[in-house]
Amino acid sequence: MLFRDRRHAGILLANHLQVYRGDHQAVILALPRGGVVVGHEVSMALHLPLDVFITRKIAAPESPEYAVGAISETGAVYLNREAVRAMQLSQEDLDGLIAAQRREIERRRALYREGRGLPHLHHRTVILVDDGIATGATLFATLEALAALNPLRVVVAMPVAPPSTAARIRALVETCVILSTPEPFEAVGCFFEEFDQVTDDEVIRTLHQANEAFQGDRPTRRTPSAIPTTRSV
Numbered sequence: 150m151l152f153r154d155r156r157h158a159g160i161l162l163a164n165h166l167q168v169y170r171g172d173h174q175a176v177i178l179a180l181p182r183g184g185v186v187v188g189h190e191v192s193m194a195l196h197l198p199l200d201v202f203i204t205r206k207i208a209a210p211e212s213p214e215y216a217v218g219a220i221s222e223t224g225a226v227y228l229n230r231e232a233v234r235a236m237q238l239s240q241e242d243l244d245g246l247i248a249a250q251r252r253e254i255e256r257r258r259a260l261y262r263e264g265r266g267l268p269h270l271h272h273r274t275v276i277l278v279d280d281g282i283a284t285g286a287t288l289f290a291t292l293e294a295l296a297a298l299n300p301l302r303v304v305v306a307m308p309v310a311p312p313s314t315a316a317r318i319r320a321l322v323e324t325c326v327i328l329s330t331p332e333p334f335e336a337v338g339c340f341f342e343e344f345d346q347v348t349d350d351e352v353i354r355t356l357h358q359a360n361e362a363f364q365g366d367r368p369t370r371r372t373p374s375a376i377p378t379t380r381s382v
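For the sequence shown, the residue numbers in the working numbering are 150 to 382.
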């Protein structure tokens, strides 16, 4: 399946999520940056509030596209020890990489949420949206972090993913909507006619539009950050 752009992908995803339309206990969390554009279309179609969940890939210094793990904004760190060994990274290397991503997470939190914390997620349905995944490191770190916040359920909604990654996701969540699982799988952008980089300004503008559409609907309670943890696989 070839998507015109991220907005087109979001519209198609929303068609498969109509059961959650207008559900006052549901919230859409998008993984920035590209996931916010997809999530906005889902938000508008389902009349649900939109927010972000910030998780950063921990990339190998010599291979920026190669993920050795990820860190979420709640402080939880997910490491793929096999990948760490393959890249011959020391603990000192990892500490530096993790610290750099913590700083980037704080920068994005200040920009995207303007000082607000996460929305209250306890016993709510969380629809987690991105523009696609490859290795899944960022998504798996996010799922671990969300589980600690005790949502009622987590629904993963994405346009495209490799078959093997999609299978792992389906084993972890109650509901998973992935529109296309092509084989062979190249980069996510190969499955979009237009896949321009999304800027911070576009993320902020899109979130403001969503906030205006759902002013007063967003929960007033905020979720505190979890105690930082590290998990290896």
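Every residue gets a Cβ at the ideal spot worked out from N, C-alpha and C, and that includes glycine.
Please classify residue i: does DSSP put it in a helix, a strand, or coil?
| i | result |
| --- | --- |
| P198 | coil |
| G264 | coil |
| G245 | helix |
| R273 | coil |
| V347 | coil |
| I177 | strand |
| I376 | Low confidence applies to I376: its pLDDT is 33, below 50, so where it sits in the model is not reliable enough to give any reading. |
| F340 | helix |
Taking buried to mean at least 16 other C-beta atoms within 10 Å of its own C-beta, is residue i buried or exposed?
| i | result |
| --- | --- |
| T348 | exposed |
| R155 | buried |
| C339 | exposed |
| G184 | buried |
| L301 | exposed |
| D350 | exposed |
| G285 | buried |
Considering residue i, what are the terminal residues of the beta strand (DSSP E) in which it resides?
| i | result |
| --- | --- |
| R170 | From DSSP, R170 is part of no beta strand (DSSP E); its letter is neither H nor E. |
| V303 | 302 to 309 |
| A235 | Here A235 belongs to no beta strand (DSSP E); instead the alpha helix (DSSP H) covers 230 to 235. |
| A208 | 204 to 209 |
Let's see if you can read the secondary structure: which residues bound the alpha helix (DSSP H) around residue i?
| i | result |
| --- | --- |
| E214 | Looking at the DSSP string, E214 is not in any alpha helix (DSSP H); the run it does join, the beta strand (DSSP E), is 212 to 221. |
| R182 | Per DSSP, R182 belongs to no alpha helix (DSSP H) and is neither H nor E. |
| S329 | Run containing S329: none in the alpha helix (DSSP H); it sits in the beta strand (DSSP E), 324 to 329. |
| L295 | 286 to 296 |
| N164 | 155 to 164 |
Select from the options the residue whose C-alpha is nearest the C-alpha of residue i.
| i | options | result |
| --- | --- | --- |
| I207 | G183, G245, A235 | G245 |
| I282 | R252, H173, S329 | S329 |
| T314 | A259, N299, T287 | T287 |
| T204 | R182, A232, V304 | R182 |
| F363 | G171, L166, L180, P198 | P198 |
| R273 | L295, M307, E263 | L295 |
| I276 | A320, A158, V304 | V304 |
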